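For the sequence shown, this note's numbering assigns the number 122 to the initial residue and increments by one for each residue that follows. In what follows, a single structure is set out as structure tokens and then discussed.
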Amino acid sequence: MRRMYTLAVVLLAVIVVVACSNQAADESSTTESTPALIGEGMATVVSELATPMVSLLPTATPFIVPADIRGIEAAPDSAVVMGRLISSITSLPITDTSVRLAEIYYADPEVKDPATGAWAMDNAFSPYALTNDDGLFVFRDVEPKDYVVYVGDMIYRWTVAVNEDGLPRPYYFEPGTVTDLGDIVVDFEP
């Protein structure tokens with residue numbers, strides 16, 4: 122609910138900024154003939170928030186793979202997950218590609234049947250990593266939930282890691298653990 126409220130406030134701010142920008146761009150209108158949409162103090166705050174250097178929406182920040190992954194430790198309430206992506210098309214590591222963990226929601230949470238599960242990804246909050254030159258990726262601070270490994274961009278080219286039945290493969294990561302998924306072969310070519 123809090124995310125929806127935050128999104129509504131951000132969208133309102135964007136609408137106000139666009140309306141103010143359109144008003145300023147119109148050479149035939151002047152501030153004397155057009156009533157202000159927002160107070161002068163609020164316009165300054167909205168203007169500062171809307172600068173190109175500040176994002177109005179929260180965005181997941183990828184964790185870059187460190188040179189030595191052996192020393193990575195997990196916090197007691199979250200997990201660290203690592204692995205390497207391999208393309209089934211080229212048999213080569215998939216480099217410089219985004220990897221996300223999409224949360225799985227089951228029809229019956231007690232059964233957790235992959236055939237009845239649906240996964241969803243939150244662009245702002247889903248765990249996010251980038252593969253390095255060897256195809257390695259690392260996620261830190263992963264909440265203990267069921268996930269699908271999602272590879273690629275969110276709109277044009279993507280795939281998920283699948284099990285032997287061709288269904289999205291579910292993963293669960295215990296809190297306080299470091300899990301190496303090993304090589305994950307996916308039908309993807311960057």
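Glycine included, C-beta positions come from ideal geometry on N, C-alpha and C. Since the structure is predicted, the reported quantities are computational estimates derived from the model, not experimental observations.
Item, Value
"Beta carbon of Tyr292 nearer than 8 Å to that of Ala223", "no"
"Spatially closest choice to Ala228 from Val220, Ala239, Thr218, Arg221, by CA coordinates", "Ala239"
"Inter-residue CB distance, Pro214 and Arg205 (contact presumed, cutoff 8 Å)", "6 Å"
"DSSP state of Gly238 mapped onto helix, strand, coil", "strand"
"Residues of its chain near Thr294, where Cβ-Cβ distance is below 7 Å and the 5 sequence neighbours each way are ignored", "Per the sequence presented here, residue 294 reads as Phe, with Thr not at that position. Correct list, in chain order: Ala200, Val202, Val263, Pro265, Thr300."
"Where Pro248 falls, given that 16 or more other Cβ within 10 Å makes a residue buried", "buried"
"Assumed close pair Gly256, Thr216 - CB separation to whole angstroms, cut-off 8 Å", "6 Å"
"Top-ranked residue by Cα proximity to Arg191, from Ser212, Pro197, Val259", "Val259"
"Buried or exposed (CB count within 10 angstroms, at least 16 for buried), Asp147", "Residue placement at Asp147 cannot be trusted, given a pLDDT of 47 that sits under 50; the coordinates are not used to answer."
"Secondary structure of Gly192, DSSP reduced to three states", "helix"
"Sequence-distant residues of its chain with Cβ nearer than 6 Å to Ser176 (five each side left out)", "Caution is warranted here: a pLDDT of 44 is assigned to Ser176, below 50, making its placement in the model unreliable, and the coordinate value is therefore given only provisionally. No residues qualify anywhere along the chain."
"Euclidean distance between Cα positions of Glu310 and Ile210", "7 Å"
"As assigned by DSSP and simplified to three states, the class of Pro95", "Missing from the structure shown is residue 95; the chain here goes from 122 to 311 and no further."
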